[in-house]
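Undergrad: From first to last, the protein sequence lines stand for chains C and R. Per our numbering, the very first residue in the first sequence carries number 187; after that it's consecutive. Per our numbering, the very first residue in the second sequence carries number 6; after that it's consecutive. Think of the CB as a built atom: it goes at the ideal place given N, C-alpha and C, for glycine as much as any other residue.
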Amino acid sequence: QKEVEQDPGPLSVPEGAIVSLNCTYSNSAFQYFMWYRQYSRKGPELLMYTYSSGNKEDGRFTAQVDKSSKYISLFIRDSQPSDSATYLCAMRRGETNFNKFYFGSGTKLNVKP
Amino acid sequence: NAGVTQTPKFQVLKTGQSMTLQCAQDMNHNSMYWYRQDPGMGLRLIYYSASEGTTDKGEVPNGYNVSRLNKREFSLRLESAAPSQTSVYFCASSERRSNQPQHFGDGTRLSIL
Numbered sequence: 187q188k189e190v191e192q193d194p195g196p197l198s199v200p201e202g203a204i205v206s207l208n209c210t211y212s213n214s215a216f217q218y219f220m221w222y223r224q225y226s227r228k229g230p231e232l233l234m235y236t237y238s239s240g241n242k243e244d245g246r247f248t249a250q251v252d253k254s255s256k257y258i259s260l261f262i263r264d265s266q267p268s269d270s271a272t273y274l275c276a277m278r279r280g281e282t283n284f285n286k287f288y289f290g291s292g293t294k295l296n297v298k299p
Numbered sequence: 006n007a008g009v010t011q012t013p014k015f016q017v018l019k020t021g022q023s024m025t026l027q028c029a030q031d032m033n034h035n036s037m038y039w040y041r042q043d044p045g046m047g048l049r050l051i052y053y054s055a056s057e058g059t060t061d062k063g064e065v066p067n068g069y070n071v072s073r074l075n076k077r078e079f080s081l082r083l084e085s086a087a088p089s090q091t092s093v094y095f096c097a098s099s100e101r102r103s104n105q106p107q108h109f110g111d112g113t114r115l116s117i118l
């Protein structure tokens with residue numbers, strides 16, 4: 187079993203919809219959680235970075251972490267065609283293993299005009 | 006804002022040929038990484054360098070070598086390319102602290118015939 191699970195999609199929504207992207211994980215030692223957006227033929231671009239449980243908002247994006255359920259989410263409000271991309275979740279432990287990041291396999295999102 | 010720069014962007018090799026992929030970052034980060042990304046398998050760590058002068062194996066190091074030339078540059082070498090090494094290769098960098106995320110380049114698309 188992978189340490190980080192992510193539904194590959196594709197997820198297709200109409201423009202303006204609220205999108206919910208999710209990852210589950212098995213290791214309770216994870217404390218730092220990231221969401222990356224990857225456009226076709228580009229590298230992953232950091233979108234959101236959160237520590238421990240709770241919510242973080244940045245414009246139309248909200249990252250949510252529920253450590254008790256080992257579940258993280260990325261919400262996109264008022265989705266736009268330009269949000270069409272693959273979204274990767276990533277996580278890492280706390281004070282040890284600084285260089286070990288665990289990635290989901292990505293969810294492909296298509297926002298239709 | 007160059008960030009992480011990878012060269013070349015595309016390359017086609019024949020089986021048995023050798024090649025070096027180059028990566029440079031201008032963010033003064035201590036840690037650098039090489040990943041490969043294959044459909045359905047997400048990002049897999051090949052090698053990383055926690056700081057200048059050190060390198061360590063990741064999840065899939067066989068068939069690859071790396072050199073941390075200085076703080077800015079981290080190269081990946083395929084000594085005898087095999088078709089199984091056809092992939093998209095990403096370089097990333099980060100600060101060597103637990104609360105810092107990775108930043109990625111735009112990748113090198115490598116095909117081995």
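#1: Could one say the Cβ of F289 (chain C) lies closer than 7 Å to chain R's Cβ atoms, at least one of them?
#2: Put P200 (chain C) into one of helix, strand or coil per three-state DSSP.
#3: Taking the straight line between their C-alpha atoms, what separation do you get for E57 (chain R) and Q192 (chain C)?
#4: G8 (chain R) bridges to which residues according to DSSP?
#5: What would DSSP say about D244 (chain C), mapped onto helix, strand or coil?
#6: Using the Cα positions of Y222 (chain C) and G229 (chain C), report the straight-line distance between them to the nearest angstrom.
#7: Quick check on DSSP: helix, strand or coil for S270 (chain C)?
#8: Based on DSSP bridge pairs, tell me the residues matched to R49 (chain R).
#9: Could you list which residues in chain C have their beta carbon closer than 7 Å to that of N2 (chain R), in chain order?
#10: Along chain R, which residues have their Cβ under 7 Å away from the Cβ of G229 (chain C)?
#11: Go ahead and label S254 (chain C) buried or exposed: buried means 16 or more other beta carbons lie within 10 angstroms of its beta carbon, across all protein chains shown.
#12: Determine, using beta carbons only, whether L232 (chain C) comes closer than 7 Å to chain R.
#13: Report back the beta-carbon spacing between L232 (chain C) and H108 (chain R) to the nearest angstrom; my notes put them in contact at under 8 Å.
TA: Looking at the coordinates:
#1: Locating residue 289 (chain C) in the first sequence gives position 103, counting from the first residue. By this cut-off, F289 (chain C) is an interface position.
#2: Taking the first residue of the first sequence as 1, we reach residue 200 (chain C) at position 14. Note: P200 (chain C) maps to strand in three-state DSSP.
#3: Looking up residue 57 (chain R) in the second sequence gives position 52. Looking up residue 192 (chain C) in the first sequence gives position 6. Straight through space, the alpha carbons of Q192 (chain C) and E57 (chain R) are spaced by roughly 34 Å.
#4: Taking the second sequence and counting its residues from 1, one reaches residue 8 (chain R) at position 3. Beta-bridge pairing links G8 (chain R) to no other residue.
#5: Indexing the first sequence from 1 puts residue 244 (chain C) at position 58. Residue state, collapsed to three classes: strand.
#6: In the first sequence, counting from the first residue as 1, residue 222 (chain C) sits at position 36. In the first sequence, counting from the first residue as 1, residue 229 (chain C) sits at position 43. Spanning the two alpha carbons is a distance of roughly 9 Å.
#7: Counted from its first residue, the first sequence places residue 270 (chain C) at position 84. Coil, per DSSP.
#8: Taking the second sequence and counting its residues from 1, one reaches residue 49 (chain R) at position 44. Answer is R:R41, bridged to R49 (chain R).
#9: It is not possible to answer for residue 2 (chain R), since the shown part of chain R is limited to 6 through 118.
#10: As a working note, residue 229 (chain C) is residue 43 in the first sequence. Contact of G229 (chain C) with chain R by beta-carbon distance below 7 Å involves F95, F109, G110, D111, G112.
#11: On the first sequence, position 68 is the one that residue 254 (chain C) refers to. S254 (chain C) is exposed by the Cβ-count criterion.
#12: Within the first sequence, numbered from 1, the residue matching residue 232 (chain C) stands at position 46. Among the CB atoms of chain R, one or more fall inside 7 Å of the CB of L232 (chain C).
#13: In the first sequence, the residue the question calls residue 232 (chain C) occupies position 46. In the second sequence, the residue the question calls residue 108 (chain R) occupies position 103. L232 (chain C) to H108 (chain R), Cβ: 6 Å. Contact.
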